[in-house]
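Following my numbering, the numbering of the first sequence begins with 899 at its first residue and continues without gaps.
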Amino acid sequence: MIISSWNVNSVRARIENIKSYLLKYKPDIVMMQEIKTEDINFPYDEFSSMDYESHVFGQKSYNGVAIISKHKLKNIRTDLIKDKLKQSRIISAEVEFKKKVIQLINIYTPNGNPVDTEKYDYKKNWLDSLIKQLKNLSKKNENIILAGDFNIIPSAEDVYNVKSFEDDALYRLEIRKKLREMINLGFSDVYRHFNEDKEGYTFWDYMRGAWQKNNGMRIDHFLASNSILDNIKSVNINKDPRGREKPSDHTPIEIKLA
DNA sequence: ATGGTCGACGTTCGA
């Protein structure tokens, strides 16, 4: 089973790019972020005609997350985080795999820039709320896959020019520590589990020819409960969609379960 | 040097 996470930067603007990806790589489940639309305008029919069911937590113009799946998903939840601003940034669902119920949690963490503003505080509070919830959920179900756009660069080797990011909301020590807190609850950064020091960028800005110059960063992640690591056979950052026409600024990261 | 580029119920904001 292939599970993919992809910040699509508008599901409607990206629909042809997404369909090409689904046709070519046939992921079983895609956890999407930044769909940038209300539920009512989500392209349900496009995906159902390709045998995907859709579960959507949308929002007008900004944010929004969704999970599309070829397998039946259960217990869809969008209430896992107390969000003062009521932004649509988290959706979870359960999928059964080899007699195990795996809880899939799809997140779009606030960007947090510029630092030392209410935006930065919102990111910190949002992450604190997520950590608290993860702690609770881990007690109930030891099989959790948390994926999405974390807007966190884990380490210096995960960004093209660390000097310019030292005081950025994606890399500040305080923010990296929150990722560490999550991992310390009993999770692994799946990409780093399989790749000790290999570059694994998932995002390249539209500006300044970042893609052509490979000025990227690794901010889209899969965290998996250590108890299900044995079921994860591989991880792949699929750079194909980023190089196509009308790309998102992010590219999908995929894990294979068996 | 505050540029550059995307997307959205856009004439500006968020990334």
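Don't be surprised by glycine CBs; every beta carbon is placed ideally from N, CA and C.
| Considering L1032, what are the terminal residues of the alpha helix (DSSP H) in which it resides? | That run of the alpha helix (DSSP H) goes E1016 to K1038.
| message | Please report the distance separating the alpha-carbon of E936 from that of G962. | response | Using only the alpha carbons, I get a separation of about 8 Å.
| field | Simplified DSSP assignment, three categories, for A991 | value | It is a strand residue.
| task | Specify the secondary structure class of N1004 as computed by DSSP and reduced to three states. | result | Residue state for N1004 is assigned as strand, using DSSP reduced to three classes.
| request: Could you check how far apart the C-beta atoms of I1117 and D1047 are, in whole angstroms? I think they sit under 8 Å. | output: Right, their Cβ atoms sit about 6 Å apart.
| request: Could you check the C-alpha separation between K1030 and K980 for me, to the nearest Å? | output: Each residue's Cα considered, the two are about 11 Å apart.
| What are the complete alpha helix (DSSP H) segments, minimum 4 residues, inside the stretch 939-999? | Runs of the alpha helix (DSSP H) inside the stretch 939-999: 942-946.
| request: Return helix, strand or coil for K924, following the three-state DSSP convention. | output: Here K924 carries a coil assignment [DSSP, helix/strand/coil].
| task | Excluding the 5 residues preceding and the 5 following S946 in the sequence, name in chain order all residues of the same chain whose CB lies nearer than 6 Å to its CB. | result | Nothing listed; no residue qualifies.
| request: Decide yes or no for the touch test of the stretch 1121-1131 against the stretch 902-912: beta carbon pairs closer than 8 Å, at least 3 of them. | output: No contact exists between the stretch 1121-1131 and the stretch 902-912.
| For N1112, which three-state DSSP category applies? | N1112 falls in the coil class under three-state DSSP.
| task | Tell me where the alpha helix (DSSP H) around F1092 begins and ends. | result | Taken as a continuous stretch (DSSP letters only), the alpha helix (DSSP H) holding F1092 covers V1088 to F1092.
| message | Please tell me whether F1092 and S1132 are closer than 8 Å, where the distance is taken between their beta carbons. | response | Their beta carbons are under 8 Å apart, which means F1092 touches S1132 by this criterion.
| field | Span of the alpha helix (DSSP H), counted from its first residue to its last, around L1071 | value | L1071 -> alpha helix (DSSP H) spans L1071 to I1081.
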